[in-house]
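Protein chains in written order, with the numbering used here: chain A, 1 to 384; chain B, 1001 to 1213; chain C, 2001 to 2453. The beta-carbon is built from N, C-alpha and C at its ideal position, and this holds for glycine as well. Given the structure is predicted, the values throughout are model-derived calculations rather than measurements. Down below is the structure, laid out as structure tokens.
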Amino acid sequence: MTTEIQTEPTEVQTTRGGVYVIDRSRPRLRAGQGLLTGLDVVFRHFRDALTRKLEKPSQQTGVFTVQYPEERLKLPEAFRNFPILLYDDETGHELCTSCFQCQRICPPQVIHMTQARDPSTGKPVPAVAEFLIEYDACMSCGLCAEVCPFDAIKMDHEFEYSTDVHGGLTINKEALNRPISYYEKIAPSFWAEVKDSAMKKLQGNMKRRPDLIGVAPQMVEKIRAKRAESAAAQAPAPASATPDAAPADKAARLAAARARAAEKTAAEASAEPVSESTPADKAARLAAIRAANAAKKTDEGATEAPAPTGGAPTDKAARLAAIRAANAAKKSAEGADAASAPPAAEAPAPTTGDAPTDKAARLAAIRAANAAKKAAAQNDGSEE
Amino acid sequence: MNTLITILFVVFAAFILASAIMTVTVKNIVHAALWLISSFFGVGALYLLMEAEFLGVAQVLIYVGAVSILILFAIMLTRDLEGSQNRQLTPRWWIALIVPAALFGLLIVPTVMTYAWQLPPPPAGQSPAISGAQQIGTAFMREYLLPFEVAAILLLVAMIGAIVIAFEERERRRRVLTLAEQVRLRRQQRQPAPLPEPAATAIQASEATGGES
Amino acid sequence: MTDILRSWIGGALPDWVIVLIAYLLVTTIVLFYAVGNFIMMVWAERRVVARMQDRLGPNRVGPAGLLQPIADAVKMFTKEDIVPRSADQWVHLLAPIVSLAPVAMMLAVIPWGRGWEPIDLNVALLYIVAVSAVSGVGLMMAGWGSNNKFALLGAMRAVAQLVSYEIPAVTALLTVVILAGGMSLLELPYMQAGVPLMGATILCGDAAGCSPSLYTTVTSFPGSPGEPVQALDLGLGWWVFTPVGLLGFIVFFIAALAEGERTPFDIPEADSEIVAGYMTEYSGMKFATFYIAQYILNFALSALAATAFLGGWQGPGVAALANMGGPWVHVAAALSAFYLLAKIWVLFFVMIWLRGAFPRLRVDQLMDFAWKLLLPLALVNIVSASLMVGLTQWTSAQWGGLLSLDGFAPWQRQLIAILVTAIINIAAAYWILSINQRPTQEEWIEEELVVAS
């Protein structure tokens, strides 16, 4: 009406991104002309809002309303609302190890969890038994997700949580659990960054979880079915290859394998301090420690793995280790289940094979071996 | 048709009388003004009933639309509304009754005495002497020119008087100054003083007067 | 209506009962028409203003949100009716009624279609002005009866605005009175027959008679008082196409905006300043009554502006259909009613448009606008209108020998009148706008120094 108005502004690229330059300069307005210009602008908005939607920010006109329940804006990856827990799609294992980091850092203190325990030994397992988040008090700060060393807790994009149930926003573990594939969908690049380390940590943790502990509740049935299926498929094959493999029970075998692996890692862990303390009877001590470790492992006492600190007395440490191993073995013999038996029985083997110079150490080792044997015998009995 | 008109006349007359009585007896002054308005309305309706449409509409326009609103404005702007809830009836109310009654009698008695009551109805098809706006305009400009002009001059005088009262001379016209302007003003006023005050006191002084303007 | 009822009922009832029933029927129809339009206007306003703000507006209740007003009405009906304890109960109750009733009374005299006029009042224009002034009393009652300072402030503002904008509005309507030679609204659409700018001044040159679809018999148009003539009639001789009508229309429409309290003149209910003005203490159905009153006032003022300046129900084809006679007269009436409705809605759209575009005025700006711009323009326009009538209708005897235009054809006289009034109006508008253009900032600084010394 008054001037030629640039409807499509030019986009200028700067180092900090695109900038839309809109030329609003107008010549001097005479009386009433400003009013008419205003009417013109409003009419243009009216006309365009009838015909088109606002698609890019350089457009000055067009409907910008998003009709929410039907239409939704794509949320940015970094959008965060409430925390969720992740579990692995295939194995069903949760990434959470109940390290309590998130519970500690949570500013409104709405995260509560209990650690899972091995029902046979009562020892803690790196998994979470129950996990509660009070969504109604959560302030969506995202600190829990940032602090989590296992990438188990992540911020969700879901925001439609309104409810009329008082207390309906205290969410338990089952409702918090989401498969990794879900998180990968809503935040692909974020997950790609942490995927490898998270999965590696999960593999490590899975080995320390007996039976179905640590499996997401909604996946338990599926995993059990899957295991039974694969066991049924595997059973004929090992039967023909090694007919002496007595137990068809898959869980037992899995536990055994896991215990062996645990033994190995524990041995590696304890190897360092041992080598420092210039031992006279290296072999004996090593054997004793190994036995002890093995026995301990059967209890899933990974955290309390014997670490004979490299002290001055050469044989004292070895003896201590042996005694401890013996105790552990005894204990395991008392409360042993089928799973713990084989490693305990195996453990003394190297001990007895060697010729130890130190008497006490030998004694301890023998004791340990006996205890382990006893445990093995008991286990055999219990198996039958 | 005549029955209807008679019924309407009775209704309107009763309404006018009732509201007039309420106007002078009701205690709340705003209520009195509102009753006065309804009385004006009734009079306008009576005019319409007499087919004097111009008069009826003019009655509504002038009395209801302008005069009564002015009355309401005057009441609301001048009175303390809380205090005006209880209007005291003056002890000499009987004087106030007698004087208007006497004036009204002065007006009505000669009319009643001399008026020929049994007028023949105007012949059909011929409009009465003064009915529409055009006739009224003609009458104002011809027969009643002098009263019309006198009334006009009266109104003009009233208007000029109102302007004179309300008009502030140009030199003394002031507007609400902003704080910055007040500070500047105070500084200018203080300059001739023997000891120029520091700026802080000037601001304080202006703040002290800030509430007034 | 009365005649139809008489022919149906005949002598079964006394005549005055029939008249009463007829009036009640007409009243009901007109009120339903207005309220139906009110409902549509609420919906349209919300939708249109939303589009102007790049939104969608209510679109959930019913198709395209058309049932939204119904939902609002249900809400209003079921809401609690709150009366403040210290309010004046009766005044508080009566105020919405007093403000709605005069607005509804305005609808009685507007010709809604060709031959569809509820009442033929020969002072209809004055009647509308008078009745619309009454609603000020209602606002005053609302403001005072609420016993709330915001309500009182709003009422004061409302009444001050109403009173001061009535003057330009009435002055602008006076041009119509001068052009039409009377205050009847009934005649106005008939007078605005013809073609744009020239009106009904292009006469039929053929003595044998012209086609009734193009030419119509005009009796009372400016230029030929008395004898009926046949003039070219496209139904477009609206006064808004002449300089006098255009200026009058602009002034009247702006004043009508202020009287209807539309943005940018919604000072009485400025929500950002005084809550909701005189409606602050109202809720539920009483609030809705104010709301209805406001919209119907806008509707009636739009109808009045359309009738006075935009030809009312006049439009292409109406006269031609009416000339065909028989049942076509009713078709012409329906078409003419549609034309008036369309004009009202166009004006209402402009109201919404202005609301979407302009911010609220300050009170002093409001008064300046009325007294320094609209009123001078309207006064000049009265002079122009008088000249227009004089140049097109007066004989040389009426001019007193000063001017003799008797020899010219009607269209030539019309052309001369339009030229003269256009020059006057444009010059006056330019001059008045230019003296109002610049705020006198420097002057104030000088005066401040005067205060200082």
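Would you mind giving the Cβ-Cβ distance between residue i and residue j, rounded to the nearest angstrom? I have them listed as a contact below 8 Å.
| i | j | result |
| --- | --- | --- |
| Arg2055 of chain C | Val215 of chain A | Not really, about 50 Å apart at Cβ, beyond 8 Å. |
| Leu169 of chain A | Phe131 of chain A | The Cβ separation is near 15 Å, so there is no contact. |
| Ile2435 of chain C | Thr2171 of chain C | Contact flag wrong, Cβ pair sits at about 19 Å. |
| Gly2248 of chain C | Gly2194 of chain C | That belief does not hold up - the Cβ atoms of Gly2248 of chain C and Gly2194 of chain C are roughly 18 Å apart, past 8 Å. |
| Val2049 of chain C | Gly2356 of chain C | 5 Å |
| Ala2319 of chain C | Thr2392 of chain C | The Cβ separation is near 21 Å, so there is no contact. |
| Ile213 of chain A | Asp89 of chain A | With 8 Å as the limit, Ile213 of chain A and Asp89 of chain A do not qualify as a contact, their Cβ atoms being about 18 Å apart. |
| Ala2422 of chain C | Gly2113 of chain C | About 32 Å; that fails the 8 Å criterion. |
| Ala2308 of chain C | Leu2340 of chain C | In fact, because the Cβ distance is near 12 Å, the residues do not count as touching under 8 Å. |
Out of the options, which one is the CA nearest neighbour of residue i?
| i | options | result |
| --- | --- | --- |
| Pro2111 of chain C | C:Ile2416, C:Leu2301, C:Asp2406, C:Gly2400 | C:Leu2301 |
| Asp2368 of chain C | C:Val2218, C:Cys2204, C:Gly2400, C:Ala2255 | C:Ala2255 |
| Ile2292 of chain C | C:Arg2051, C:Leu2025, C:Ile2097, C:Leu2066 | C:Ile2097 |
| Leu2121 of chain C | B:Ile1136, B:Tyr1115, B:Glu1053, B:Ala1139 | B:Glu1053 |
| Pro2196 of chain C | C:Pro2243, C:Ala2155, C:Met2156, C:Glu2187 | C:Pro2243 |
| Val2019 of chain C | C:Trp2328, C:Val2380, C:Pro2118, C:Phe2038 | C:Pro2118 |
| Glu134 of chain A | A:Asp118, A:Lys173, A:Gln101 | A:Lys173 |
| Val1030 of chain B | B:Ile1071, B:Glu1181, B:Ile1095 | B:Ile1071 |
| Val2099 of chain C | C:Val2026, C:Gly2138, C:Gln2412, C:Leu2031 | The residue asked about is misnamed: residue 2099 of chain C is Ser in this sequence, not Val. Here the closest residue by C-alpha is C:Gly2138. |
| Val2061 of chain C | C:Asp2072, C:Met2052, C:Arg2051, C:Gln2053 | C:Asp2072 |
| Phe2077 of chain C | C:Tyr2282, C:Asn2059, C:Ala2428, C:Leu2031 | C:Tyr2282 |
| Thr65 of chain A | C:Ala2428, C:Pro2316, C:Arg2047 | C:Arg2047 |
Helix, strand or coil: which one does DSSP assign to residue i?
| i | result |
| --- | --- |
| Thr1138 of chain B | helix |
| Glu130 of chain A | strand |
| Val2061 of chain C | coil |
| Gln2314 of chain C | coil |
| Gly111 of chain A | Gly is not the amino acid found at residue 111 of chain A; the sequence shown has Ile there. Ile111 of chain A falls in the strand class under three-state DSSP. |
| Ala2231 of chain C | strand |
| Glu2447 of chain C | The pLDDT assigned to Glu2447 of chain C is 44, lower than 50, so where the model puts this residue is not dependable; a value taken from the coordinates is nonetheless given after this. Helix, per DSSP. |
| Ser240 of chain A | Low confidence applies to Ser240 of chain A: its pLDDT is 47, below 50, so where it sits in the model is not reliable enough to give any reading. |
| Tyr2215 of chain C | strand |
| Met155 of chain A | strand |
| Gly2194 of chain C | coil |
| Pro2084 of chain C | coil |
| Glu146 of chain A | helix |
| Pro247 of chain A | Caution is warranted here: a pLDDT of 44 is assigned to Pro247 of chain A, below 50, making its placement in the model unreliable, and the coordinate value is therefore given only provisionally. Coil. |
| Leu1017 of chain B | helix |
| Val2329 of chain C | helix |
| Arg117 of chain A | strand |
| Gly2115 of chain C | coil |
| Gly2356 of chain C | helix |
| Ile171 of chain A | strand |
| Val1026 of chain B | coil |
| His166 of chain A | coil |
| Pro83 of chain A | strand |
| Pro1110 of chain B | helix |
| Arg178 of chain A | strand |
Hey, is residue i close to the ligand MG, as in C-beta under 8 Å from one of its heavy atoms?
| i | result |
| --- | --- |
| Thr2175 of chain C | Among the components modelled here there is no ligand, and therefore nothing to report on the ligand MG. |
Query raised in the report: So does the region 2137-2153 of chain C actually touch the region 2269-2278 of chain C, counting three or more Cβ pairs closer than 8 Å?
Result: Judged by Cβ distances under 8 Å, the region 2137-2153 of chain C makes contact with the region 2269-2278 of chain C, as three or more pairs qualify.
Query - Against chain B: residues of the region 2004-2023 of chain C by CB proximity under 9 Å - result: Taking 9 Å as the Cβ-Cβ cut-off against chain B, the residues of the region 2004-2023 of chain C that qualify are Pro2014, Asp2015, Trp2016, Val2017, Val2019, Leu2020.
Query raised in the report: Which residues, in order along the region 1049-1064 of chain B, keep a beta-carbon less than 9 Å from a beta-carbon of chain C?
Result: Answer set for the region 1049-1064 of chain B: Glu1053, Phe1054, Gly1056, Val1057, Ala1058, Gln1059, Val1060, Leu1061, Ile1062, Val1064.
Query raised in the report: Along the region 2345-2371 of chain C, what residues have a CB closer than 8 Å to any CB found in chain A?
Result: Cβ contacts with chain A come from Trp2353, Leu2354, Gly2356, Ala2357, Phe2358.
Query raised in the report: Can at least three beta-carbon pairs, one atom from the region 2086-2105 of chain C and one from the region 2054-2074 of chain C, be found at a separation below 8 Å?
Result: Judged by Cβ distances under 8 Å, the region 2086-2105 of chain C makes no contact with the region 2054-2074 of chain C, as fewer than three pairs qualify.
**Report entry** Cβ pair count under 8 Å reaching 3, the region 1034-1041 of chain B against the region 1004-1021 of chain B
**Finding:** A contact exists between the region 1034-1041 of chain B and the region 1004-1021 of chain B.
Report task. Closer than 9 Å, Cβ to Cβ, to anything on chain C: give me those residues from the region 1089-1106 of chain B, in chain order. Result -> Within the region 1089-1106 of chain B, no residue qualifies.
Query raised in the report: Does the count of Cβ pairs from the region 2370-2389 of chain C and the region 2178-2194 of chain C closer than 8 Å reach three?
Result: Put simply, the region 2370-2389 of chain C touches the region 2178-2194 of chain C. At least three CB pairs are less than 8 Å apart.
Query raised in the report: Which residues, in order along the region 54-88 of chain A, keep a beta-carbon less than 8 Å from a beta-carbon of chain C?
Result: Flagged, chain order: Leu54, Thr61, Gly62, Val63, Phe64, Thr65, Gln67.
Query raised in the report: Name the residues in the region 2266-2280 of chain C whose C-beta lies less than 8 Å from a C-beta of chain A; which are they?
Result: So the list is empty, because no residue satisfies the distance condition.
Requested in this report: Spell out a yes or no on whether the region 2155-2167 of chain C and the region 2121-2141 of chain C are touching, meaning 3 or more CB-CB pairs, one atom from each, closer than 8 Å.
Outcome: Taking 8 Å as the limit for Cβ pairs, the verdict is that the region 2121-2141 of chain C does touch the region 2155-2167 of chain C.
Query raised in the report: Quick one: any contact between the region 54-73 of chain A and the region 92-109 of chain A, if contact means 3 or more CB pairs under 8 Å?
Result: Not touching, per the Cβ criterion.
Query raised in the report: In chain order, what residues of the region 2118-2137 of chain C put their CB closer than 7 Å to some CB of chain A?
Result: For chain A, none of the residues of the region 2118-2137 of chain C brings a beta carbon within less than 7 Å of one of its beta carbons.
Requested in this report: Mind the definition here: the region 2252-2272 of chain C touches the region 2281-2289 of chain C only if three or more C-beta pairs lie below 8 Å; say whether that holds.
Outcome: No, the region 2252-2272 of chain C does not touch the region 2281-2289 of chain C.
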